[in-house]
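There are 2 protein chains.
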Amino acid sequence: MPSTYRLDPRLEADSVPVIELPLSSVRLSRDANYPWLIVVPRLPDLADLTDLTDYDRRWAMDEVARVGRALQAETGAHKLNIANLGNMVRQLHIHVIARFETDPAWPGPVWGKLPSRPYEPAAEADLVARLRGRLQD
Amino acid sequence: MPSTYRLDPRLEADSVPVIELPLSSVRLSRDANYPWLIVVPRLPDLADLTDLTDYDRRWAMDEVARVGRALQAETGAHKLNIANLGNMVRQLHIHVIARFETDPAWPGPVWGKLPSRPYEPAAEADLVARLRGRLQD
Numbered sequence: 303m304p305s306t307y308r309l310d311p312r313l314e315a316d317s318v319p320v321i322e323l324p325l326s327s328v329r330l331s332r333d334a335n336y337p338w339l340i341v342v343p344r345l346p347d348l349a350d351l352t353d354l355t356d357y358d359r360r361w362a363m364d365e366v367a368r369v370g371r372a373l374q375a376e377t378g379a380h381k382l383n384i385a386n387l388g389n390m391v392r393q394l395h396i397h398v399i400a401r402f403e404t405d406p407a408w409p410g411p412v413w414g415k416l417p418s419r420p421y422e423p424a425a426e427a428d429l430v431a432r433l434r435g436r437l438q439d
Numbered sequence: 303m304p305s306t307y308r309l310d311p312r313l314e315a316d317s318v319p320v321i322e323l324p325l326s327s328v329r330l331s332r333d334a335n336y337p338w339l340i341v342v343p344r345l346p347d348l349a350d351l352t353d354l355t356d357y358d359r360r361w362a363m364d365e366v367a368r369v370g371r372a373l374q375a376e377t378g379a380h381k382l383n384i385a386n387l388g389n390m391v392r393q394l395h396i397h398v399i400a401r402f403e404t405d406p407a408w409p410g411p412v413w414g415k416l417p418s419r420p421y422e423p424a425a426e427a428d429l430v431a432r433l434r435g436r437l438q439d
């Protein structure tokens with residue numbers, strides 16, 4: 303029986319849905335310290351970018367770039383951090399994070415620096431709606 | 303006068319050349335804690351992946367995947383970490399790092415965890431030669 307895609311429960315718990323692109327689910331990390339999107343290609347049995355076929359990897363990275371441009375336009379980030387780590391949650395997911403010279407982890411990476419800080423519900427819903435608007439054209 | 307590409311002096315100091323691919327220079331980080339390659343597209347004025355045209359980004363990420371497969375084959379890594387951060391050195395460069403469940407930063411990211419540990423010169427030359435061999439086909 304072929305494997306089927308299912309979002310890892312830890313990714314599901316730590317993020318909220320923004321939009322479904324043709325290949326990937328785009329989710330907002332529930333950490334208000336940084337505007338932080340997560341791109342998850344909806345294909346089974348992937349951990350590394352090298353597990354994708356060339357075709358699927360190009361498609362996935364095109365979607366990552368589209369997400370990066372939307373996040374940059376929405377936030378005016380000084381720098382994007384785009385990364386597949388996957389040391390804790392193995393399912394392939396690509397972080398797209400808006401970084402600012404004034405953010406609490408700058409210039410280090412964000413992972414493990416500060417405890418997650420939840421959004422106010424209205425602020426989270428508003429940011430999701432604005433990002434979705436930028437990604438749905 | 304158009305800008306010209308020049309490798310950032312900090313990247314140059316912290317890594318050694320492995321091979322020139324059609325678009326990117328591939329370099330080995332001078333940190334023996336982790337087998338760690340750095341891919342630098344030889345184009346001027348780039349910081350983010352979104353600064354590349356679609357065509358150049360696909361080409362760059364194809365080279366990143368090629369580097370990732372070579373590093374994985376050479377080291378038997380448990381996981382690859384592939385990341386563009388650029389918070390300290392702004393010039394676009396993509397880290398391709400072989401991670402092991404036994405490495406000193408696992409499962410966290412490698413940046414800022416441990417001081418760099420230089421390779422023994424013979425070990426560095428040998429690893430560069432083996433990686434170059436895998437990348438020059």
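Chains as they are written, first to last, in this note's numbering: chain A, 303 to 439; chain B, 303 to 439. We treat Cβ as the ideally placed atom computed from N, Cα and C, and that holds for glycine.
Q) Roughly how many whole angstroms lie between the Cα atoms of Trp338(B) and Leu354(A)? A) Position 36 of the second sequence holds residue 338(B). Position 52 of the first sequence holds residue 354(A). For Trp338(B) and Leu354(A), the distance between alpha carbons rounds to 21 Å.
Q | Val366(A), DSSP secondary structure in three states | A | For the purposes of this step, residue 366(A) is taken as the residue at position 64 of the first sequence. Correct three-state label for Val366(A): helix.
Q) If you pair each beta-carbon of the region 378-397 of chain A with each one of the region 372-388 of chain B, do three or more pairs fall below 8 Å? A) Verdict: yes, contact present.
Q. Can you round the beta-carbon distance between Asn329(A) and Ser317(A) to whole angstroms, since I take them to be within the 8 Å contact cut?
A. Taking the first sequence and counting its residues from 1, the one referred to as residue 329(A) is at position 27. Taking the first sequence and counting its residues from 1, the one referred to as residue 317(A) is at position 15. Note on identity: in this sequence residue 329(A) is Arg, with Asn being the wrong assignment. The beta-carbon distance between Arg329(A) and Ser317(A), rounded to whole angstroms, is 4 Å. This is short enough to meet the 8 Å contact definition.
Q. Which residues does DSSP pair with Asn383(A) in a beta bridge?
A. As a first step, residue 383(A) must be located in the first sequence, where it is residue number 81. Residue pairing by DSSP puts Asn383(A) in a beta bridge opposite Ile399(A).
Q: Express the C-alpha separation of Pro420(A) and Ala334(A) in angstroms, rounding to a whole number.
A: Taking the first residue of the first sequence as position 1, residue 334(A) is located at position 32. Taking the first residue of the first sequence as position 1, residue 420(A) is located at position 118. Taking the Cα positions, Ala334(A) is about 6 Å away from Pro420(A).
Q) How is Val430(A) classed by DSSP in three states: helix, strand or coil? A) Position 128 of the first sequence, counting from 1, holds the residue named residue 430(A). In the structure shown, Val430(A) sits in a helix (DSSP, three-state: H, G or I).
Q: Mind checking which residues open and close the alpha helix (DSSP H) that includes Leu313(B)?
A: Your numbering for residue 313(B) matches position 11 in the second sequence. It spans Pro311 to Asp316 - the alpha helix (DSSP H) in which Leu313(B) sits, taken as one unbroken run.
Q. Under a three-way DSSP split, which group does Glu422(A) fall into?
A. Residue mapping note: residue 422(A) aligns to position 120 of the first sequence, counting from 1. Three-state result, Glu422(A): coil.
Q) Can you find a CB in chain B that lies within less than 8 Å of the CB of Gln393(A)? A) If you number the first sequence from 1, residue 393(A) lands on position 91. False, the Cβ-Cβ gap to chain B never drops below 8 Å.
Q) Taking Cβ-Cβ distances shorter than 7 Å, what residues in chain B pair up with Thr352(A)? A) Here residue 352(A) refers to the residue found at position 50 when the first sequence is read from its first residue. Within chain B, the residues near Thr352(A) are Ala367, Gly370, Arg371, Gln374 and Leu382.
Q. Using 8 Å as the Cβ pair cut-off and three pairs as the minimum, do the region 345-360 of chain A and the region 401-416 of chain A touch?
A. No contact exists between the region 345-360 of chain A and the region 401-416 of chain A.
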